[in-house]
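Per our numbering, the very first residue in the sequence shown carries number 45; after that it's consecutive. For each residue, glycine too, the CB sits at the ideal point set by N, CA and C. None of the values given here were measured: they were computed from a predicted structure. What follows is a short report on a single structure.
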Amino acid sequence: MQSPTPSYPLASQTVRLARGQTMQVWLPAGSLVVNNASSARVTQAPQWMFDQLVERHSTLSDGQAIGIEHAGWVEIMTPQGGEVLCLRPQLQPWPRRLLSACKRLLNWGQQTAPAGQ
């Protein structure tokens, strides 16, 4: 399983689980779940595919990570107990996002302008 590397700031939450304990955590899309236990089972929020409700199950070894594709309640279970790190994307305030978008638009306009203008 490949560990995705997001290009945005992340906020962390450590989930500590006892042997066999299961916990549900709400995670937004773009979050990462990093396993620090001997093993963990992660079930992403159910999602409709055509006319069927589908859940994605993943078993992670120590140090492995999985990206959460869509927002919802994620179920985490550790058979032997341990810690799982949940990294959530931090939302930027809208003025900063607007300024960033304007800068990208200006840079794009400068790159695509005909020579001599």
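Would Ser56 pass as a contact of Leu131 if the rule is Cβ separation under 7 Å? On the sequence shown, residue 56 is found 12 positions in, with the first residue counted as 1. On the sequence shown, residue 131 is found 87 positions in, with the first residue counted as 1. Yes, these two residues count as a Cβ contact at 7 Å.
Could you check the C-alpha separation between Gln91 and Ser105 for me, to the nearest Å? Indexing the sequence shown from 1 puts residue 91 at position 47. Indexing the sequence shown from 1 puts residue 105 at position 61. Their Cα atoms are separated by approximately 25 Å.
DSSP on Pro139, reduced to helix/strand/coil? What you label residue 139 is simply residue 95 of the sequence shown in a count that begins at 1. Pro139: helix per DSSP, three-state reduction.
Let me know the beta strand (DSSP E) ranges lying completely inside the segment 89-127, each 3 residues or longer, listed in chain order. Within the segment 89-127, complete beta strand (DSSP E) segments of at least 3 residues are found at 91-93, 96-98, 101-105, 109-111, 116-121, given in chain order.
Specify, as a first and last residue, the run of the beta strand (DSSP E) that Ser83 falls within. Numbered from 1 along the sequence shown, position 39 holds the residue referred to as residue 83. Unbroken beta strand (DSSP E) run through Ser83: 83-87.
May I have the straight-line CA-CA distance separating Trp117 from Pro72, to the nearest angstrom? Here residue 117 is taken as the residue at index 73 of the sequence shown, counted from 1. Here residue 72 is taken as the residue at index 28 of the sequence shown, counted from 1. Cα to Cα, Trp117 sits roughly 9 Å from Pro72.
Looking at the secondary structure, which residues open and close the beta strand (DSSP E) in which Gln134 lies? By 1-based counting over the sequence shown, the position of residue 134 is 90. First-last for Gln134: undefined, no H or E at that position.
On a CA-only basis, which of Val78, Val77, Arg85 is nearest Gly64? Give me that one, please. For this step, residue 64 is matched to residue 20 along the sequence shown. Nearest in C-alpha terms to Gly64, of all of Val78, Val77, Arg85, is Arg85.
Would a C-beta distance cut-off of 7 Å place Ala127 and Gln68 closer than the cut-off? Residue mapping note: residue 127 aligns to position 83 of the sequence shown, counting from 1. Residue mapping note: residue 68 aligns to position 24 of the sequence shown, counting from 1. One detail in the question is off: residue 127 reads as Glu in this sequence, not Ala. For Glu127 and Gln68, no; Cβs fall outside 7 Å.
For Arg56, three-class secondary structure by DSSP: By 1-based counting over the sequence shown, the position of residue 56 is 12. Note that residue 56 is Ser in the sequence shown here, rather than Arg. Correct three-state label for Ser56: strand.
I need the boundaries of the beta strand (DSSP E) containing Asn79, first residue and last residue. Position 35 of the sequence shown, counting from 1, holds the residue named residue 79. Asn79 -> beta strand (DSSP E) spans 76-79.
Chain-order list of residues whose beta-carbon lies under 6 Å from that of Ser47 (same chain, five-residue window excluded): Locating residue 47 in the sequence shown gives position 3, counting from the first residue. At Ser47 the pLDDT is 45, less than 50, meaning the model places this residue with poor confidence; the figure from the coordinates comes in the next sentence. Here the set comprises Ala109.
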